[in-house]
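If you're matching positions, the sequence shown starts at 587 in our numbering and goes up one per residue.
Even glycine gets a Cβ: it sits at the ideal position worked out from N, Cα and C.
Note that this is a predicted model, so its numbers are computed, not measured.
Here the structure is laid out as structure tokens; the discussion comes afterwards.
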Amino acid sequence: MVSTGRPARLLAAEELARWEEDGYLVLKGVLDRAEVRDLRGRVERAATDYRDGPRVGRAHEGATGNREDLRVKNVVSLSDCLDELLDLDPVYRRAVALAGPYLQVCGTEIILRHPRPTPALAMHLDGGAALSRMMTVPGAPVSHVKALYFLTATPGPGTGNMTVVPGSHRIPLPRTGEGFSTHPARARERELVVDAGDVVLFPWNLWHSVGPNNTTTTRVSAVVWYSQLWARPVDYAQIEAHVLDRMTPRRRLLLGGIADAIPSTYYLPAADDYLPTMLAGLPLDAPELAPYVDDRDSHDWRDGAPA
Ligand SMILES: O=C(O)CCC(=O)C(=O)O
């Protein structure tokens with residue numbers, strides 16, 4: 587390959603253009619067939635263990651939009667099946683490009699969507715009444731970005747597809763439910779056709795839903811949800827020590843396991859190895875990283891630098 591002399595970007599220019607215009611990215615072939623088969627097996631076993639287990643309380647129950655589907659939250663506390671996805675490079679590097687490196691994993695989920703003739707989940711934004719009204723301007727880091735891993739394909743319409751309204755991330759949320767359902771942008775609704783091993787990356791404020799699954803196959807998927815370290819996690823208050831113990835240093839940081847953490851550490855992480863750990867394996871001269879790599883001093887609150 588001929589070198590352009592320009593530093594490698596974490597997010598290709600065409601991907602950035604798609605993200606800005608459509609509000610989501612489909613990353614093709616993140617997992618190969620063998621990886622999909624292995625991960626799907628482990629996810630299905632974790633789902634069965636959960637379904638057949640005590641299911642005490644609601645801590646692990648996510649909104650499915652219907653009674654039949656299964657959505658298990660805070661999966662890392664129940665199973666190690668998603669551990670490798672937490673900072674899987676092709677996805678993690680794009681999350682860093684979009685949100686910056688002061689990241690956490692605010693949620694981990696597995697979702698089983700069974701055959702059904704009607705839509706599984708209504709059109710919505712993530713994050714509830716407060717977050718769903720937040721917007722970003724082009725080029726600014728996002729607060730939350732979700733990676734939805736497809737472990738089975740949705741090869742055509744009516745196969746349990748994720749449905750999106752392209753460009754809706756730039757539309758202020760209508761004030762009423764009726765305004766939302768009748769918004770002219772809804773005419774652009776599109777069912778995403780994906781292969782097993784593909785990943786859809788999207789922010790909280792993309793309007794999205796789940797269509798009917800007229801096949802005989804259960805759609806199996808997994809979610810790794812990233813957010814800014816300073817935002818509270820969605821799936822947990824604190825990850826248990828025995829879970830953090832099995833994680834690599836970066837995955838531990840991503841799950842809030844920051845040594846000598848006092849509450850403000852999540853706002854100004856000061857440990858010398860914080861950024862090197864978060865950025866290990868990424869090209870440090872990538873243009874998206876320049877603001878962070880150059881900005882160490884403003885984060886060193888111990889030296890009395892401005893807070
Ligand atoms: O199951 C899906 O395709 C989408 C789930 C969803 O709406 C979400 O993760 O916010």
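Query: Three or more C-beta pairs under 8 angstroms: does that hold for the region 741-756 against the region 792-808?; Result: yes
Query: Starting from residue 767, trace the beta strand (DSSP E) both ways and give me its first and last residue.; Result: Note, residue 767: premise wrong, no beta strand (DSSP E); alpha helix (DSSP H) at 763-767.
Query: So, with DSSP's three-state summary, where would you put residue 739?; Result: coil
Query: Indicate the three-state DSSP secondary structure (helix, strand or coil) for residue 811 in the structure shown.; Result: strand
Query: Compute the minimum distance between the beta carbon of residue 720 and the heavy atoms of ligand 1, and state whether it is under 6 angstroms.; Result: no
Query: Cα separation between residue 688 and residue 778?; Result: 30 angstroms
Query: Let me check you understand the geometry: is the CB of residue 796 closer than 6 angstroms to at least one non-hydrogen atom of ligand 1?; Result: yes
Query: Out of 814, 840 and 853, which one is the CA nearest neighbour of residue 685?; Result: 814
Query: To the nearest angstrom, how far is the alpha carbon of residue 724 from that of residue 609?; Result: 10 angstroms
Query: Is it buried or exposed, residue 634, if we count other Cβ atoms within 10 angstroms and call 16 or more buried?; Result: exposed
Query: Is residue 784 near ligand 3, in the sense that its beta carbon is under 6 angstroms from a heavy atom of that ligand?; Result: Judged by which ligands are present, ligand 3 is missing from the structure shown, whose ligands are ligand 1.
Query: Strictly by DSSP, which residues pair up with residue 697?; Result: 657 and 807
Query: Look at the alpha carbon of residue 630 and the alpha carbon of residue 788, and state the distance between them as a whole number of angstroms.; Result: 24 angstroms
Query: Within the continuous beta strand (DSSP E) that includes residue 789, where are the two ends?; Result: 785-789
Query: With DSSP collapsed to three states, give me the class of residue 877.; Result: helix
Query: Answer yes or no: the CB of residue 821 versus the heavy atoms of ligand 1, is any distance below 6 angstroms?; Result: no
Query: Spatial neighbours of residue 845 within its chain, please: CB distance less than 8 angstroms, with the 5 preceding and 5 following residues excluded, ordered by chain position.; Result: 857
Query: Within the 7 angstroms Cβ cut-off, does residue 828 reach chain D?; Result: Given the protein chain composition of this structure (a single chain), no chain D is represented.
Query: Tell me which same chain residues have a C-beta within less than 8 angstroms of the C-beta of residue 682, skipping the five on either side of it?; Result: 596, 689, 864, 865, 868, 874 and 875
Query: Within this structure, are the beta carbons of residue 739 and residue 782 separated by less than 7 angstroms?; Result: yes
Query: Alpha carbon to alpha carbon, how far is residue 764 from residue 619? Give it in angstroms, no decimals.; Result: 43 angstroms
Query: Taking three-plus beta-carbon pairs below 8 angstroms as touching, is the region 655-663 in contact with the region 807-827?; Result: yes
Query: Using a Cβ-based criterion (distance less than 6 angstroms to any ligand heavy atom), does residue 697 qualify as near ligand 1?; Result: yes
Query: Mind checking whether residue 625 and residue 698 have CB atoms under 7 angstroms apart?; Result: no
Query: What are the residues that DSSP puts in a beta bridge with residue 777?; Result: 749
Query: Just checking, does the region 828-836 make contact with the region 659-675 on the three C-beta pairs under 8 angstroms criterion?; Result: yes
Query: For residue 790, which of 637, 751, 665 and 776 has the nearest alpha-carbon?; Result: 751
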